[in-house]
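Following full-length UniProt numbering from start to finish, the sequence shown increments by one per residue and tops out at 485. Glycine included, every Cβ here is placed at the ideal spot set by N, Cα and C. A quick note: this is a predicted structure, and the numbers were derived from the prediction, not measured. Right, one structure below, let's go through it.
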Amino acid sequence: MRDRVLGERYRLLASLGRGGMGSVWLAEDLVLRRRVALKELINDRGAQHLDQGRRRVVREARALARLDHPSIVSVYDVFVEDGDPWIVMEYVRGRSLAELIDDGPLDERSTARIGLRVLSALDAAHRADVLHRDVKPSNIIVTDGGKVFLVDFGVAHVSGATSVTASRAVLGTLEFLAPERLVGDDAGPPADLWSLGVTLYCALEGRTPFKRSGDRHVAATMWAILHAAPEPPRAGPELADAIMGLLQRDPAARPRADALASVLRSVAAPAPARPKGPLTAPVRVNGAPEPPAPPAPVVAPPANEAARPPRPPAAAIRDAIAGRDRALAARVLRALPVPQAAHAVAECEPRHMGELLDALAADLRAASSVMRGMPAARAAAAIPYMERTKAAAALSAMSAKEGAGILRLADQRVAADILSTFPPDIASRYLEVMSVQRACAVLNHVPPVITAALLRACADGRADQILQGLNSPVRTQVLRHANDA
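This is the structure:
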């Protein structure tokens with residue numbers, strides 16, 4: 001097929017790969033003497049799929065033609081060859097994010113830079129009523145000059161357009177699909193943001209949070225998307241919290257594009273202490289980063305502290321808390337400064353974190369202080385592995401704002417269990433600092449009799465608003481208990 005001339009104008013030069021619904025070729029525009037990308041339809045599933053595929057190719061071209069953004073490739077032309085439509089697009093020379101991840105996970109700043117540009121492209125698409133529906137690393141191209149492009153709008157949807165999927169099949173790549181798309185609910189821009197969250201997670205970790213393996217990997221992956229609580233990515237709290245926010249199963253609980261852009265911009269910004277100079281290539285990291293060494297003292301310690309033994313190094317702390325003796329580990333953690341103890345716990349796996357915090361809960365103040373010192377996403381990941389009463393006690397020892405900042409990143413059912421365990425006065429304070437959307441999402445899993453009591457105790461005037469936001473069956477039961485009171 002190479003050297004074939006299509007449309008009396010475009011000479012095929014080389015295959016660039018396969019996309020969602022078609023194969024992409026590098027070609028030469030013989031009229032304008034420039035290189036372009038040509039996308040052809042691939043069909044190996046019969047006449048019905050061929051007809052649907054043809055309409056998708058045209059739809060992709062129309063979707064791209066609506067968009068004008070520096071991170072979205074331009075469409076130059078559409079022509080028909082032997083009955084099949086071809087799209088002529090801007091040729092972007094670079095590597096896919098998937099290829100970059102294959103070289104090793106990206107560092108936080110590189111991940112945030114790429115995420116910021118993809119988010120900007122998605123925001124432009126959403127403002128034009130176009131949903132991408134297949135955001136993933138292989139559909140993101142990074143050029144040698146650092147430009148980022150979101151490509152392959154082959155399964156995109158334009159608001160108001162008729163579906164071309166007669167069987168209501170779910171289009172997209174399973175491990176990146178938002179829960180609402182998986183179950184067939186109406187999906188809007190938050191579904192693309194979920195997929196962006198999975199993509200950023202993959203960039204940092206080298207894997208997606210929901211993909212499962214084994215004989216039943218498809219069913220297992222679907223179950224994970226709908227129910228599993230992913231472990232937070234190994235990143236600073238600002239970026240980790242943002243990604244975990246994107247992976248909230250309630251679309252209304254995911255951050256808005258402007259709020260997410262602010263976080264990504266902050267993480268992507270050069271470190272203030274770095275001297276001015278050319279930007280370096282993205283740094284690759286393999287595995288978890290080593291915690292920073294404690295800074296050297298700039299003044300001599302007071303005389304009465306001169307004999308105090310130095311703080312143990314991070315490796316020694318990890319060894320001390322890694323054993324099965326949780327009581328010993330708790331004593332080690334209590335002997336450390338709170339920031340160092342919090343850092344040591346946050347480095348552990350979620351189950352181990354939960355066990356350590358349970359052991360610390362014998363000293364409620366210590367457990368609460370360590371949880372406050374951890375990145376909120378890491379503390380939230382530990383809660384499912386703690387005894388409910390101990391987790392609730394540690395959270396209740398914080399201010400409602402601090403505790404809610406952790407609980408908002410926990411799975412809705414986990415948050416509901418904790419809220420149900422709190423005394424009513426503490427639970428109502430937590431409710432008052434939650435957004436209405438988050439409060440409704442959590443209360444849908446709280447026993448209705450407790451929800452009725454909490455809404456009666458709610459003093460911020462939002463009780464009726466929260467009540468109306470509950471699922472209809474839950475709201476009916478809550479009203480019945482409220483009337484019985």
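Fill in: C-beta atoms of Ala-27 and Leu-67 nearer than 8 Å
No, the Cβ-Cβ distance between Ala-27 and Leu-67 is not below 8 Å.
Worksheet item: Looking at C-alpha atoms only, which residue of Arg-35, Pro-375 and Ala-98 is the closest neighbour of Val-92?
Response: The shortest C-alpha separation from Val-92 is found at Arg-35.
Item to complete: Give the C-beta separation of Ile-406 and Ala-439 to the nearest angstrom, bearing in mind that I take them to be a contact with Cβ-Cβ under 8 Å.
Response: With 8 Å as the limit, Ile-406 and Ala-439 do not qualify as a contact, their Cβ atoms being about 16 Å apart.
Worksheet entry | Counterpart residues of Glu-28 in DSSP-defined beta bridges | According to DSSP, which records beta bridges pairwise, Glu-28 is partnered with Arg-11 and Arg-35.
Worksheet item: Do you know whose CA, among Val-198, Phe-79, Pro-448 and Met-434, lies nearest Ala-253's CA?
Response: Selection Val-198, Phe-79, Pro-448 and Met-434 evaluated against Ala-253 yields Met-434 as nearest (Cα-Cα).
Worksheet item: DSSP state of Val-80, grouped into three classes?
Response: It is a strand residue.
Practice prompt. Would you kindly work out how many angstroms separate the C-alpha atoms of Lys-211 and Ala-457, rounded to a whole number?
Written response: Going by the C-alpha atoms only, they are around 42 Å apart.
Worksheet item: Considering only the beta carbon of each residue, do Val-449 and Ser-420 sit closer than 8 Å?
Response: In this structure, Ser-420 does not lie closer than 8 Å to Val-449 by Cβ.
Discussion item. For the pair the segment 113-124 and the segment 170-187, tell me if three or more CB-CB distances fall below 8 Å.
Written reply: When C-beta atoms of the segment 113-124 are compared with those of the segment 170-187, fewer than three pairs fall below 8 Å, so the two segments do not count as touching.
Discussion item. Just to confirm my understanding: we take Pro-313, look at its own chain, exclude 5 residues before and 5 after, and list those with CB closer than 6 Å. What are they?
Written reply: In this predicted model, Pro-313 has a pLDDT of only 43, less than 50, meaning its place in the structure is not dependable enough to derive any value.
Worksheet entry | Val-88 in three-state terms, based on DSSP | Strand at Val-88.
Practice prompt. Pick helix, strand or coil for Thr-208, following the three-state DSSP scheme.
Written response: Thr-208 falls in the coil class under three-state DSSP.
Worksheet item: Which residues mark the beginning and the end of the alpha helix (DSSP H) in which Ser-396 is found?
Response: Segment 388-396, the alpha helix (DSSP H) holding Ser-396.
Practice prompt. Under 7 Å Cβ to Cβ from Ala-224, same chain only, skipping five residues before and after it: list those, please.
Written response: Excluding sequence positions up to five before and after Ala-224, its CB lies within less than 7 Å of the CB of Phe-210 and Arg-212, all in the same chain and listed in chain order.
Discussion item. Tell me the DSSP secondary structure of Gly-405 in three-state form.
Written reply: Residue state for Gly-405 is assigned as helix, using DSSP reduced to three classes.
Worksheet item: Can you pull the DSSP bridge partners for Val-142?
Response: Partner(s): Arg-95 and Val-148.
Item to complete: Grab the span of the alpha helix (DSSP H) containing Asn-483 for me, first residue to last.
Response: Start and end: 472-484.
Discussion item. Three or more C-beta pairs under 8 Å: does that hold for the segment 143-154 against the segment 236-253?
Written reply: Between the segment 143-154 and the segment 236-253 there are fewer than three C-beta pairs closer than 8 Å, too few to call the two in contact.
Worksheet item: With 16 as the cutoff for other CB atoms within 10 Å, does residue 486 come out buried or exposed?
Response: The chain is shown from 1 up to 485; residue 486 falls before or after that span and cannot be answered.
Worksheet item: Would you call the CB atoms of Gly-236 and Glu-108 closer than 8 Å?
Response: Yes, these two residues count as a Cβ contact at 8 Å.
Worksheet item: With C-beta atoms as the reference, is Ala-400 less than 8 Å away from Tyr-430?
Response: Yes, Cβ-Cβ distance for Ala-400 and Tyr-430 is below 8 Å.
Worksheet item: Alpha carbon to alpha carbon, how far is Leu-409 from Ala-392?
Response: The straight-line gap from Cα to Cα measures roughly 15 Å.
Discussion item. Would Pro-137 and Thr-199 be called neighbours here (beta carbons separated by less than 8 Å)?
Written reply: Closer than 8 Å, so yes.
Worksheet entry | Per-residue DSSP class, three states only, for Val-338 | In the three-state scheme derived from DSSP, where H, G and I count as helix and E and B as strand, Val-338 is classed as helix.
Discussion item. Which of the three DSSP states is assigned to Glu-355 in this structure?
Written reply: For Glu-355, the secondary structure class from DSSP, reduced to helix, strand or coil, is helix.
Discussion item. Measuring only the C-alpha atoms, how far is Tyr-10 from Pro-85?
Written reply: Inter-residue distance for Tyr-10 and Pro-85 is about 14 Å (C-alpha atoms, whole angstroms).
Item to complete: State the start and end residues of the unbroken alpha helix (DSSP H) segment that holds Gly-373.
Response: Bounds of the alpha helix (DSSP H) holding Gly-373 are 364-373.
Item to complete: Answer with buried or exposed for Val-370, where buried requires no fewer than 16 other C-beta atoms within 10 angstroms of its C-beta.
Response: Classification for Val-370: buried.
Worksheet item: Would Gln-248 be called buried (16 or more neighbouring beta carbons within 10 Å of its own) or exposed?
Response: Burial call: buried.
Worksheet item: How would you write the range of the alpha helix (DSSP H) that Met-222 sits in, first residue to last?
Response: Per DSSP, Met-222 belongs to the alpha helix (DSSP H) from 217-227.
Worksheet item: Is the CB-CB distance between Ala-341 and Leu-333 below 8 Å?
Response: Yes.
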